[in-house]
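Asks: Here the protein sequences come in this chain order: A and B.
Everything in the first sequence is counted per my numbering, starting at 67 for the first residue and increasing by one.
Everything in the second sequence is counted per my numbering, starting at 8 for the first residue and increasing by one.
By construction, the Cβ of each residue, glycine as well, lies at the ideal position given by its N, Cα and C atoms.
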Amino acid sequence: MMAIVKVEWIRIRRNPLNAAILLIFAVLMGLSAVWSGLRASEIRAAAAAPQIAASAANAAEMHDAPKADAHDGGDGAYAASNDRAPLQLPLLGGLVLNVSQADLVGTSIKVSSRSRHTDGRNSDQLFNPLSYEFGLLDFASVFALLTPLVVIALSYGLVQEERESGVWRLVCTQTARPWQLVLCSLGWRLLLVALVACASSLLAFLLDSGSALSALAYWCLISLSYVLFWFSLAGLFLLLPISSGAAAIGLLGSWLILTFGVPAALHWAADQTRPKPSRMAAIIEIRRLQELSNQQRQNLLADWFKAHPELLGDTPLAKLPREVAGLPAALQLDSQIRPLMLQFETHRAEQFGFMQRWSWTSPALAVALMADRLSGLDAPRHASFVAAVNDFEDRWRAYFVPSIMARAAWNEAQQAALPQFDFDQSFDVAELNGLIGLQALSAASMLAVLLALRRRFSQF
Amino acid sequence: MIAIVMRKELATTLRDGRLLVLGLSLFVLFAGFFLFSSYQLQAQRLEKQRVGATAKEQWNSQSVKNPHAAAHYGIYVFKPDLPSAAIDPGLTPFTGQSLWLEPHKRNLTRFNPSADDVLANRFGQASSSFVLYALLPLLIVALSFNSVSQERERGTLRMLHSLGVAPRALLFGKLLGLLTAFWLVMSPAVLLAALTLAGQFELAIDDLLRLSLLLAGLLAYYTVFAALSIGASAYFRTSRNTLFCLLGFWMGSVFVAPRLGAAIGDVLAPNPSASQFWDAIKTDIAQGLPGDGSKQQRETAFEAQVLAQYGVASKEQLPVGFVSLNRQYNDVYSSKVHQLHFDRLRANFATQQQLAHLAGWLGPSLALRSLSMAIAGTDLAHQRDFEDAAEEYRRYFIDLTEDWDRERSHGTERSAKGAETDWRSVRDFAYTVPTVGFSLKASLLPLAVLGAWLGAALWLLAHSARRLAP
Numbered sequence: 067m068m069a070i071v072k073v074e075w076i077r078i079r080r081n082p083l084n085a086a087i088l089l090i091f092a093v094l095m096g097l098s099a100v101w102s103g104l105r106a107s108e109i110r111a112a113a114a115a116p117q118i119a120a121s122a123a124n125a126a127e128m129h130d131a132p133k134a135d136a137h138d139g140g141d142g143a144y145a146a147s148n149d150r151a152p153l154q155l156p157l158l159g160g161l162v163l164n165v166s167q168a169d170l171v172g173t174s175i176k177v178s179s180r181s182r183h184t185d186g187r188n189s190d191q192l193f194n195p196l197s198y199e200f201g202l203l204d205f206a207s208v209f210a211l212l213t214p215l216v217v218i219a220l221s222y223g224l225v226q227e228e229r230e231s232g233v234w235r236l237v238c239t240q241t242a243r244p245w246q247l248v249l250c251s252l253g254w255r256l257l258l259v260a261l262v263a264c265a266s267s268l269l270a271f272l273l274d275s276g277s278a279l280s281a282l283a284y285w286c287l288i289s290l291s292y293v294l295f296w297f298s299l300a301g302l303f304l305l306l307p308i309s310s311g312a313a314a315i316g317l318l319g320s321w322l323i324l325t326f327g328v329p330a331a332l333h334w335a336a337d338q339t340r341p342k343p344s345r346m347a348a349i350i351e352i353r354r355l356q357e358l359s360n361q362q363r364q365n366l367l368a369d370w371f372k373a374h375p376e377l378l379g380d381t382p383l384a385k386l387p388r389e390v391a392g393l394p395a396a397l398q399l400d401s402q403i404r405p406l407m408l409q410f411e412t413h414r415a416e417q418f419g420f421m422q423r424w425s426w427t428s429p430a431l432a433v434a435l436m437a438d439r440l441s442g443l444d445a446p447r448h449a450s451f452v453a454a455v456n457d458f459e460d461r462w463r464a465y466f467v468p469s470i471m472a473r474a475a476w477n478e479a480q481q482a483a484l485p486q487f488d489f490d491q492s493f494d495v496a497e498l499n500g501l502i503g504l505q506a507l508s509a510a511s512m513l514a515v516l517l518a519l520r521r522r523f524s525q526f
Numbered sequence: 008m009i010a011i012v013m014r015k016e017l018a019t020t021l022r023d024g025r026l027l028v029l030g031l032s033l034f035v036l037f038a039g040f041f042l043f044s045s046y047q048l049q050a051q052r053l054e055k056q057r058v059g060a061t062a063k064e065q066w067n068s069q070s071v072k073n074p075h076a077a078a079h080y081g082i083y084v085f086k087p088d089l090p091s092a093a094i095d096p097g098l099t100p101f102t103g104q105s106l107w108l109e110p111h112k113r114n115l116t117r118f119n120p121s122a123d124d125v126l127a128n129r130f131g132q133a134s135s136s137f138v139l140y141a142l143l144p145l146l147i148v149a150l151s152f153n154s155v156s157q158e159r160e161r162g163t164l165r166m167l168h169s170l171g172v173a174p175r176a177l178l179f180g181k182l183l184g185l186l187t188a189f190w191l192v193m194s195p196a197v198l199l200a201a202l203t204l205a206g207q208f209e210l211a212i213d214d215l216l217r218l219s220l221l222l223a224g225l226l227a228y229y230t231v232f233a234a235l236s237i238g239a240s241a242y243f244r245t246s247r248n249t250l251f252c253l254l255g256f257w258m259g260s261v262f263v264a265p266r267l268g269a270a271i272g273d274v275l276a277p278n279p280s281a282s283q284f285w286d287a288i289k290t291d292i293a294q295g296l297p298g299d300g301s302k303q304q305r306e307t308a309f310e311a312q313v314l315a316q317y318g319v320a321s322k323e324q325l326p327v328g329f330v331s332l333n334r335q336y337n338d339v340y341s342s343k344v345h346q347l348h349f350d351r352l353r354a355n356f357a358t359q360q361q362l363a364h365l366a367g368w369l370g371p372s373l374a375l376r377s378l379s380m381a382i383a384g385t386d387l388a389h390q391r392d393f394e395d396a397a398e399e400y401r402r403y404f405i406d407l408t409e410d411w412d413r414e415r416s417h418g419t420e421r422s423a424k425g426a427e428t429d430w431r432s433v434r435d436f437a438y439t440v441p442t443v444g445f446s447l448k449a450s451l452l453p454l455a456v457l458g459a460w461l462g463a464a465l466w467l468l469a470h471s472a473r474r475l476a477p
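Below, the structure is given as structure tokens:
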């Protein structure tokens, strides 16, 4: 057995094509690792830097803003309520796997006493859509796309070519277990590909200033399962009595189906199970609510002060400043808009859950979802973050609204006692284990089938 | 001689089992994706039209209120899609679906479909364009990787050589035969696309021109792959090496080059963050652009100018509404600053696009994708054109509301009111997608790259012919 292992190593080493394939793989993974690692560090540095707390509203918009001398002490409660730095979604230790998602999904939300939902400056990120259409060098995506192709290039036709040239017949007469040769050959290739994958992963994580060892460990586990799955599948194709060219085409077809076809089908199925809400319908509903709110403005103001008469003082309702007079209507409007916007987060989280349950059908999908989980940018966590932001927004407003409505002065003691935002920063270990478990099971099943059928390698 | 070889190659390819199996599979895949995306496009178009009309009607039916308050209600506009977007949705998943037009500021489009999706096209869009630029070249490789090497392995190449068949005639005959067989097999797909588009959309001459150009671009693209495949088959001694190299080229062209190109653009011409972008606009409005003075200074000068113009001593004595005048003055400046920053941002996007083509040496797919998006009207240039038209419309209806406010108030009072007749008098936003000439102008670089690849592929094929040994 050891002799077979040694000979197979010599065969691999002496074929310049194998070296070329592995070198190209290593270079591309290395490039991706460097780009992803540096980009992840950049994103973390930007998130950690002092954020611009002031509202993005420009001076032209502030024509009706409260004047400084309209309030006791200069900076009133209203200005203070709009002066909170954006709330940040804490990024986890695996961000390097998935950096471009940070721009797409949005990790920063600004809250204030005004509704944040209709102004894109409060939460939307800025990116070039063309970069996303072409796809960037996200480490997990590059790994998921390239690895099967490398496996195919290294292993297709290993047996078929020897069968076609008649060498395999000779091999089968020389040994009772020709499958040992095949498995050794595949084993060496698996080891080399896994080495390149792990080395480039280590490089990526080292370059990311905020990476975590636990994230790297989880990532290595799932990438090893991924590599094992593809080598097992390649091994099964070696059993087929077809030409090496046909085997290559067949493996490529499998790659296309498992990497592109199955995720697309799952996405479609998820949409059929629960159709995606329409942004355009939401826009129409928001506008209807805005007009209604505008018509009810005076009534809502009167009702608010009926409930809080002690805060009105001697000022007639008609003489109240704009930011006070419009606040009850703005709060009611926001309470109606919020569930409309939250449904998109909920839908995304449900879609993620659906796809995760079926991720065993597409290893590439499992890798992408794992990268999302490890980076902290997965849909369920984002939905939880938005829910936490909403909750904080309610506390923020509960803290400020009485002072704003009372036109009270704002002091340092109040500033020091501001509500704090806290969001759970840890991995969802159960979900990570579930994902890895599914993928490992999928790879192990494929390997088990290959091992069960190994004696068929004796057929020539 | 070329014609004879071409006919023989055509017959051989059509009889090849691979063509039947793979061609049929890809036809089914293309048909599935295309029918789905054309249905989706039609549904999307109808929804945009309906929602656009509803949003405008909501604007029209606003209650009696101050014209500026009405302006703040805003108008939503939506970018119309061309029928060819059913073939290549391009940037649509990553650009916002809606644009809100309101006073004082210019917005970016919001709610890109990918942000609402889990996978967000991480492995590429599941669309008919993916079949066209990624899978069909693979079919060509699968059909032709052993077109010469197999003849060499079987010994028939030696026989052809002994019969005096010129290598150039052989290889170019194989190229033409392969392409003819390929297009014969693809013709049902082309027919399906044409009939579906004609049935679901009203195709204008411009649309037909676009589709023809797309077909021509695809012909050039597939010719590159076919020429390189046959040339590689002639060059390499074994089919295995040929297949390996061609698959490597295909992978590099289709998957690596676009990603590498995007990363090059991102590194060499980084975009500002959202907070940096908006903060810069806010600062420039407050502090003024170089030589313009701060907002306070500009307002003071404007007030003095207005008082002098109307020959009054104070704002309260003005026969028109000063609040509206002042606001409009500030809005003009705000628009100027926004225009400057938006132009800079979009120029940076365009620079990133140009830089991305540095990776075009890896393969022609990057160039074809850029060309295809431009022809389908789903590229950056078309998005910018739409946004500029929307911005012009925004200034029109904001100016109109300010005119009403100014004319119906006096001095510093704010008693102007508008009613439904005013809101209805605002014309609808009517945007026409530019003609195909605009698309071609925006695609000069990808056209050049694709042309260079075509020339290089044909030259390599001729070079392989010169070196062909039985």
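#1: At 4 residues or longer, what runs of the alpha helix (DSSP H) sit wholly inside the segment 25-59 of chain B?
#2: So, Glu310(B) versus Lys302(B), is the Cβ gap smaller than 8 angstroms?
#3: Check the DSSP bridge columns for Arg235(A) and list the partner residues they point to.
#4: Please tell me whether Met576(A) has its Cβ less than 8 angstroms away from any Cβ of chain B.
#5: Establish whether the CB of Asp141(A) and some CB of chain B are separated by less than 8 angstroms.
#6: I'd like the span of the alpha helix (DSSP H) that includes Trp430(B), first residue to last.
#7: Which residues bound the alpha helix (DSSP H) around Tyr292(A)?
#8: How would you write the range of the alpha helix (DSSP H) that Trp424(A) sits in, first residue to last?
#9: Out of curiosity, what's the CA-to-CA distance linking Leu378(A) and Ala391(A)?
#10: Name the two residues that bound the continuous beta strand (DSSP E) containing Ile485(B).
#11: With 8 angstroms as the threshold, decide whether the Cβ of Ala125(A) is near any Cβ in chain B.
#12: Would Ile147(B) pass as an interface residue toward chain A - the criterion being a Cβ-Cβ separation below 8 angstroms?
#13: Using the Cα positions of Phe404(B) and Ile349(A), report the straight-line distance between them to the nearest angstrom.
#14: Assign Val84(B) to one of two classes, buried (16 or more other C-beta atoms within 10 Å of its C-beta) or exposed (fewer than that).
#15: I believe Ala210(A) touches Val125(B) by the beta-carbon criterion, under 8 angstroms. Please report the beta-carbon distance rounded to the nearest angstrom.
#16: Tell me, please, whether the segment 157-171 of chain B touches the segment 450-461 of chain A by the rule of three or more beta-carbon pairs shorter than 8 angstroms.
#17: If I measure Cβ to Cβ from Tyr400(B) and keep anything under 6 angstroms in the same chain, skipping five residues before and after, which residues do I get?
#18: So is Gln312(B) buried or exposed if we call it buried at 16+ other beta carbons inside 10 Å?
#19: Rounded to whole angstroms, what is the Cα-Cα separation between Leu183(B) and Trp466(B)?
#20: Between Leu517(A) and Val225(A), what straight-line distance do the alpha-carbon atoms span, to the nearest angstrom?
#21: Taking only beta carbons into account, state which residues of the segment 87-101 of chain B come closer than 7 angstroms to chain A, listed in chain order.
#22: Taking C-alpha atoms, which residue in Asp392(B), His470(B), Val274(B), Asp214(B) lies nearest to Gln361(B)?
#23: Is the CB-CB distance between Asn84(A) and Leu220(A) below 8 angstroms?
#24: Would you say Glu351(A) faces chain B, with C-beta separation under 8 angstroms as the test?
#25: Beta-carbon separation of Asn194(A) and Phe356(B) under 8 angstroms?
#26: If you measure from the beta carbon of Asp273(B) to each beta carbon in chain A, is any gap under 8 angstroms?
#27: Check whether the segment 139-150 of chain B and the segment 228-240 of chain B touch, using three or more Cβ-Cβ pairs below 8 angstroms as the test.
#28: By Cβ distance below 6 angstroms, which residues in the same chain neighbour Trp107(B) in space, the five residues on each side in sequence not counted?
#29: Taking only three categories from DSSP, how would you classify Gln154(A)?
#30: Using 8 angstroms as the limit for Cβ to Cβ distance, is Val58(B) near chain A?
#31: Smallest Cα separation from Ala464(B): which of Asn278(B), Ala76(B), Ser135(B), Trp368(B)?
#32: In the segment 464-514 of chain A, which residue ranges form an unbroken alpha helix (DSSP H) of at least 4 residues, counting only runs that do not cross its ends?
#33: Within 10 Å of its beta-carbon, does Ser379(B) have 16 or more other beta-carbons around it, so buried, or fewer, so exposed?
#34: Are the segment 264-277 of chain A and the segment 89-106 of chain A in contact at 8 angstroms, needing three or more beta carbon pairs?
#35: Counting only C-beta atoms, is Ile405(B) closer than 8 angstroms to chain A at any point?
#36: Under 8 angstroms between C-beta atoms, does Ser197(A) make it to chain B?
Replies: Well, looking at it:
#1: none
#2: no
#3: Per DSSP, none; premise fails for Arg235(A).
#4: In this structure chain A extends from 67 to 526, so residue 576(A) is not present and cannot be described.
#5: With a pLDDT of 48 at Asp141(A), under the threshold of 50, the modelled position of this residue cannot be trusted; read the value that follows with caution. By this cut-off, Asp141(A) is not an interface position.
#6: 427-432
#7: 279-305
#8: Note, Trp424(A): premise wrong, no alpha helix (DSSP H); not H, not E.
#9: 11 angstroms
#10: Outside the modelled stretch of chain B, which goes from 8 to 477, sits residue 485(B), for which no answer is possible.
#11: yes
#12: no
#13: 20 angstroms
#14: buried
#15: No, Ala210(A) and Val125(B) are not in contact; Cβ-Cβ is about 15 angstroms, not under 8 angstroms.
#16: no
#17: Phe436
#18: exposed
#19: 15 angstroms
#20: 16 angstroms
#21: Gly97, Leu98, Phe101
#22: Val274(B)
#23: yes
#24: no
#25: yes
#26: yes
#27: yes
#28: Gly81, Tyr83, Asn114
#29: strand
#30: yes
#31: Trp368(B)
#32: 478-482
#33: buried
#34: yes
#35: no
#36: yes
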